Amino acid sequence: MMDIRRGIVRITAGGDRGTGFLVRDAQNSLCILTAMHVVADVEASIAAGSPQWRASHATVAFHEQSSIAIDLAAVEQSDAREDWVMLPLHAERRPDFPDSLSPLTLAQLSDSSAQPLWKTHGYPYIDAHDGTPIGGTIRAAHDGEIVLFCTELQMSEAALAAGYSGAPCIWEGAVVGVIIETLKDEQGQCVFGRLYARPIASIARRCNLPLESDEEPFEREVAAELYNLPPPSLKGVAQALNIDPEVQADVLLSRIARAVLRAGSAELCNAISLSIGYLANPQAIAEMSVAQKLCRRAVEVLHCLRQRESLCVAAVARREGAKMLVARALNRYGDIDRHLGFMALTEFTASERKRKLREQLLLLFNAEESEMGEAQLERLLRENVVNPVMAFAYDPRINPRDVVASYANVHALLLLDEHAPTELLRSRYPVSQPYKDADEEKSVFDSLNDARLRLRRKP
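Okay, structure coming up:
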């Protein structure tokens, strides 16, 4: 079963206590979402027009009992009237950050005539150390709130419900709301076990958080690779990625594919090791994960490709980096080898480079040298609807203009590494920012190799 505690935290600020949960933003960074009144005076914040924090820092405790302090002055996204706040974690800056955490999937609550079941785990005042799970049914959903019935909180003391502020409302394995308040009587009792949650969809739009309905780049391709896994293996992969396996098969496959693309190297290793015996091409999944993690650079590449009128682009990059970036930019992975050629230019003269470039172009067009003259190749470059992309490794001794100037319809897109000389930035070609993909590639491919070794060691 999915352990939702890996994505839920206890929050303390200025003597007040509540719950929060881990989410991943559009930049793949971890954040914590919670009710704003857990860490701030909401009424004072509305009156002042700015957050009035209960303390300078909030203490966040994870399920395995480690904790960190978050500077509330660094918060950029909050809404006192809607009663939610996003706390930045900056996990990459914390060497002691626990690696057993798992952000929760976000989804929009679908329309249903039945009363669907929901659950959560929170840190009420009477059990603030380990926390307590609760659940019930979703009674109603409006534009601004979700009405919940909780079996455990019928006529309970308000102190029990108070610590659940900021907890996720989880339906079918995904968060659909943030619990913000309870219905209480004059004696402070929780009336009818009623809770209210803020719909996650509206918060996600404000904070640019990915919802389950938002398809990830390469999600379909990864799902296709995983399609033939037998149900026990698929559920094993789901558990390794902390995904609830008890959902519809198509939903489960989509969630696994998305989690694989967002997974760290350790999670990816576990997932591949559990499925590698059934995968036709586990290398493809590892490479797609690299592509996903290089998505920001790929957006730059896509922009440059679209800005050029010509149909052929020569890219300066390392082989794997070029492959992933171009595949993402063209939204093609399965047949990327039909669109991307790679040349080694070291020790070649200018005339040899021209000949090599021509040979690679002909290979991309699946054309024979004897059948293709200079004029025919030029016309093919102008008229073909597919972007053939030439990539060659960056070499400081070679000016890319010398390589591509031979053909009027071949233009260079410079994907520079951190060692590229500044004079290339003044070239007439579209230029991306310097990038470092070596560490990302190494971590993913090391995971793949570790998974294979682990498979061999199985009795």
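Going from the sequence shown to the working numbering is simple: count from 1 and add 50. A virtual CB, placed ideally from N, CA and C, is assigned to each residue, including glycine. Being a predicted model, the structure only gives us computed values, none of them experimental.
Are residue i and residue j closer than 8 Å when you measure CB to CB?
i, j, result
"Arg439", "Leu390", "It is worth fixing the name first, because residue 439 is Val in this sequence and not Arg. Yes, they are a contact pair."
"Ala247", "Ile229", "yes"
"Phe199", "Gly243", "yes"
"Asn292", "Asp53", "yes"
"Val225", "Ala157", "yes"
"Val287", "Ile335", "no"
"Leu122", "Ala108", "yes"
"Glu269", "Ala307", "yes"
"Gly223", "Val297", "yes"
"Leu139", "Pro249", "no"
"Arg60", "Tyr175", "no"
"Thr84", "Leu137", "yes"
"Leu302", "Leu318", "no"
"Pro148", "Glu126", "no"
"Ala254", "Ala290", "no"
"Leu311", "Glu266", "yes"
Could you tell me the boundaries of the beta strand (DSSP E) in which residue i lies?
i, result
"Asp121", "Ser117 to Asp121"
"Leu83", "Leu80 to Thr84"
"Leu72", "Asp66 to Arg74"
"Leu390", "Leu390 to Met393"
"Leu198", "Ile196 to Cys200"
Under the three-state reduction of DSSP, which class applies to residue i: helix, strand or coil?
i, result
"Val297", "coil"
"Leu156", "strand"
"Gly286", "helix"
"Tyr246", "strand"
"Gln165", "coil"
"Asp53", "coil"
"Ala130", "coil"
"Ala425", "helix"
"Val228", "strand"
"Val135", "strand"
"Pro218", "strand"
"His107", "strand"
"Leu318", "helix"
"His87", "helix"
Under a CB-based cut-off of 8 Å, is residue i close to chain B?
i, result
"Trp221", "The structure shown contains no chain B; it holds only a single protein chain."
By the DSSP assignment, the alpha helix (DSSP H) with residue i in it spans what residues?
i, result
"Ser95", "Val92 to Ala98"
"Ser401", "Ala400 to Leu414"
"Arg60", "No alpha helix (DSSP H) holds Arg60; the beta strand (DSSP E) holding it covers Ile58 to Ala63."
"Arg189", "Counting along the chain, Arg189 falls outside any alpha helix (DSSP H), though it belongs to the beta strand (DSSP E) covering Thr182 to Ala191."
"Ala441", "Ala441 -> not in any alpha helix (DSSP H); beta strand (DSSP E) instead, spanning Val439 to Phe442."
"Leu276", "Glu269 to Leu276"
Just mark residue i as buried or exposed, buried being the case when its beta carbon has 16 or more other beta carbons within 10 Å.
i, result
"Ala309", "buried"
"Ala90", "buried"
"Asn258", "exposed"
"Ser304", "buried"
"Asp133", "buried"
"Glu402", "exposed"
"Gln410", "buried"
"Asp129", "buried"
"Gly213", "buried"
"Pro282", "exposed"
"Pro280", "exposed"
"Ser152", "buried"
"Ala400", "exposed"
"His179", "exposed"
"Asp294", "buried"
"Gly57", "buried"
"Ala124", "exposed"
"Ala63", "buried"
"Ala313", "buried"
"Gly65", "exposed"
"Ala425", "exposed"
"Ala119", "exposed"
When every heavy atom of the ligand ADP is checked, does at least one fall within less than 7 Å of the C-beta of residue i?
i, result
"Ile58", "Questions concerning the ligand ADP fall outside what the structure shown contains, since it holds no ligand whatsoever."
> How about the stretch 214–221 and the stretch 57–70: do they share at least three Cβ pairs that are nearer than 8 Å?
Replying inline: yes
> Per the contact definition of three or more C-beta pairs closer than 8 Å, is the stretch 184–192 in contact with the stretch 165–172?
Replying inline: Counting Cβ pairs under 8 Å, three or more are found: they touch.
> So does the stretch 186–202 actually touch the stretch 74–94, counting three or more Cβ pairs closer than 8 Å?
Replying inline: no
> Just checking, does the stretch 275–295 make contact with the stretch 95–103 on the three C-beta pairs under 8 Å criterion?
Replying inline: no
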